[in-house]
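Asker:
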Amino acid sequence: MRWVWLVIGVLLVLSGIVWTLQGLDLLGQSGGMNGQQIWAFIGPVTAVVGVVLIRLGLRRQA
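For the sequence shown, the UniProt record's numbering begins at 1 and goes up steadily by one.
(1) According to DSSP, simplified to helix, strand and coil, what is residue 22?
(2) Would you call residue 3 buried or exposed, if buried means 16 or more other Cβ atoms sit within 10 Å of its Cβ?
(3) Measure from the alpha carbon of residue 43 to the alpha carbon of each residue in 5, 11, 1, 16, then state which is nearest.
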């Protein structure tokens, strides 16, 4: 079960990074999320939740 928390955590961290970059309009693509500041806020929050889940998964391993 711990690997599930690790996988979900990694996916959330990666999603959070992409959402942050899109919110800050740093990816250079066109789309609905680019340049919208709400995603620059949601992205880091999502990444932090992912880090918490990764730590939870690693802690259950020990």
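Don't be surprised by glycine CBs; every beta carbon is placed ideally from N, CA and C.
Answerer: According to the data block:
(1) Indexing the sequence shown from 1 puts residue 22 at position 22. Here residue 22 sits in helix by DSSP.
(2) Counted from its first residue, the sequence shown places residue 3 at position 3. Classification of residue 3: exposed, given that the 10 Å Cβ count is below 16.
(3) Start at 1 with the first residue of the sequence shown, and residue 43 comes out as number 43. Per the Cα distances, 16.
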